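Report on the following structure.
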Amino acid sequence: MKLLYQELQVPLDAMVVGLEGIKTASLQRIDEEEGDAIAPYFDHLIERLKSFRI
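Take a look at the structure:
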């Protein structure tokens, strides 16, 4: 994935910001229990994207 993102010149910083925004908006729209269940998935995706930075 890292090589693919680099090859396609995907703006990773913008993707991280966007995903953080989606996480925030999603957590505001669901109850706390559901939020606790899905937040780790967002966190995992965000951390993986951050690790792709050159």
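With the sequence shown counted from 1, adding 1 to any position gets you the working numbering. All residues carry an ideal CB built from backbone N, CA and C; glycine is no exception. On a predicted model such as this, the values are computed, not experimentally measured, just so you know.
**Message:** Classify residue 50: buried if its beta carbon has 16 or more other beta carbons within 10 angstroms, exposed otherwise.
**Reply:** buried
**Prompt:** Quick one, are the C-beta atoms of residue 43 and residue 6 less than 8 Å apart?
**Reply:** no
**Message:** If I follow the unbroken alpha helix (DSSP H) through residue 29, where does it start and stop?
**Reply:** Taken as a continuous stretch (DSSP letters only), the alpha helix (DSSP H) holding residue 29 covers 13-30.
**Proximity below 8 Å, CB of residue 4 to CB of residue 20** = No.
**Asked** From residue 16 to residue 27, what distance separates their C-alpha atoms?
**Response** Using only the alpha carbons, I get a separation of about 16 Å.
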